[in-house]
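Quick note on the UniProt record's numbering: the sequence shown kicks off at 5 and runs consecutively.
The beta-carbon is built from N, C-alpha and C at its ideal position, and this holds for glycine as well.
Take a look at the structure set out below.
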Amino acid sequence: QKHLLGIEELHPLEITEILDLADTYVDLNRSETKHGDVLKGLTQINMFFENSTRTQASFEIAGKRLGADVMNMAMQASSIKKGETLIDTALTLNAMHPDLLVVRHPHSGAVNLLAEKVNCAVLNAGDGRHEHPTQALLDALTIRRAKGRLHRLNIAICGDIAHSRVARSNLLLLGKMENRVRLIGPPTLMPSQIGAFGVEVYQDMEEGLKDVDVVMMLRLQKERMDGGFIPSEREYYHRFGLDAEKLAFAKPDAIVMHPGPMNRGVEIDGTIADDINRSVIQDQVEMGVAVRMAAMDLLARNLRAARADQRAAGR
Ligand code: CP
């Protein structure tokens, strides 16, 4: 692959290749050295048009650990504020010869559009409701390490599915790896085209969580609700918030996940989120650095190979 724009474009073997390499980066990150040099000489620019803690920090750490020159564009202080378009901004940065462009944008499809205009590798750090591929990959690595496999698991994704790029990328990835995925949430927070994914849909947590191996909770994404139905947090927590009572319906060794940022007392009880016997939320953050290292390493290899071919063809 030239870019990492979505899970949709990835073959299961490519997913496994990224996860296998990320496993080695988990070990590197836990070692004394922490650093490698596979991105040495490359320039990585992070462009975040939407707020982020985990994704931006982990892409920056990943690039620096692998030797890249990393620049974080302060989008709030950029010429976007003077009316410059996304494409003109990208073309301007492209003229500075970056090698890796990491982009988060509030509009679905914006990152794919940008990738067509530049001649470096583009990584989607989340675009609107569309995709968040590195999140799904880090979730997959977390599941694989906790459960010892990434196939034939019963996985429940719960909450605001309709507005969630995390849910969409996870649905695609977990389906490709032959897991049984269930969605649980109110009908108002289910996407209209959900039938296309071939998954079971539940409106009752106790019914939906029965015998699952993995419980993946999602935040209510009010910033994407466009003035539509916003549930009362109290009512929502009562029906869909994960607490010990509801979790008891899952398998006794079921793990609890959340991509973050989480709203304690809205979609998840704080004691469940902090329970180190059930919650893998901090593991997800750790896997995020390793997965982003692996993704940039593989794209950099392809980029170097493509440039070598171009040079050879020009001779
Ligand atoms: N999970 C996730 O994308 O978190 P951030 O918005 O903090 O990057």
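Query                                                                                                                                                                      : Result
Any chance you could list the residues with Cβ under 7 angstroms from a heavy atom of ligand 1, keeping chain order?                                                       : N55, S56, T57, R58, T59, Q60, G130, H136, Q139, V170, P263, G264 and P265
Give the DSSP-derived three-state secondary structure of F52 in the structure shown.                                                                                       : strand
Shortest alpha-carbon distance to H167 belongs to which of D41, A150, E135 and R148?                                                                                       : E135
Taking the beta carbon of R315 as the centre, do at least 16 other beta carbons fall within 10 Å, making it buried, or is it exposed?                                      : exposed
Between P110 and G10, how many whole angstroms is the CB-CB distance? I'm expecting something under 8 angstroms.                                                           : With a Cβ gap of about 16 angstroms, P110 and G10 do not count as contacting.
Going by DSSP in three states, V216 sits in which element: helix, strand or coil?                                                                                          : coil
Taking the Cβ atom as the reference point for each residue, do L213 and A254 lie within a distance shorter than 8 angstroms?                                               : yes
Which class does E36 belong to by DSSP, given the choice of helix, strand or coil?                                                                                         : coil
Can P235 and Q139 be called in contact, C-beta distance under 8 angstroms?                                                                                                 : no
Which residues share a DSSP beta bridge with A160?                                                                                                                         : R186 and V219
Return the chain-ordered list of same chain residues with a C-beta closer than 8 angstroms to the C-beta of E18, the five sequence neighbours on each side being excluded. : Q5
For the alpha helix (DSSP H) containing D301, name the first residue and the last one.                                                                                     : I285 to G318
How many whole angstroms separate the CB atoms of V284 and A150, which I take to be in contact at a CB cut-off of 8 angstroms?                                             : 6 angstroms
Count the other CB atoms within 10 Å of the CB of H39; is the residue buried (16 or more) or exposed (fewer)?                                                              : exposed
Please classify E204: does DSSP put it in a helix, a strand, or coil?                                                                                                      : strand
Thinking C-alpha only, which one of L307, R311, I147 and G318 is nearest L104?                                                                                             : L307
List the endpoints of the continuous alpha helix (DSSP H) containing L178.                                                                                                 : R169 to K180
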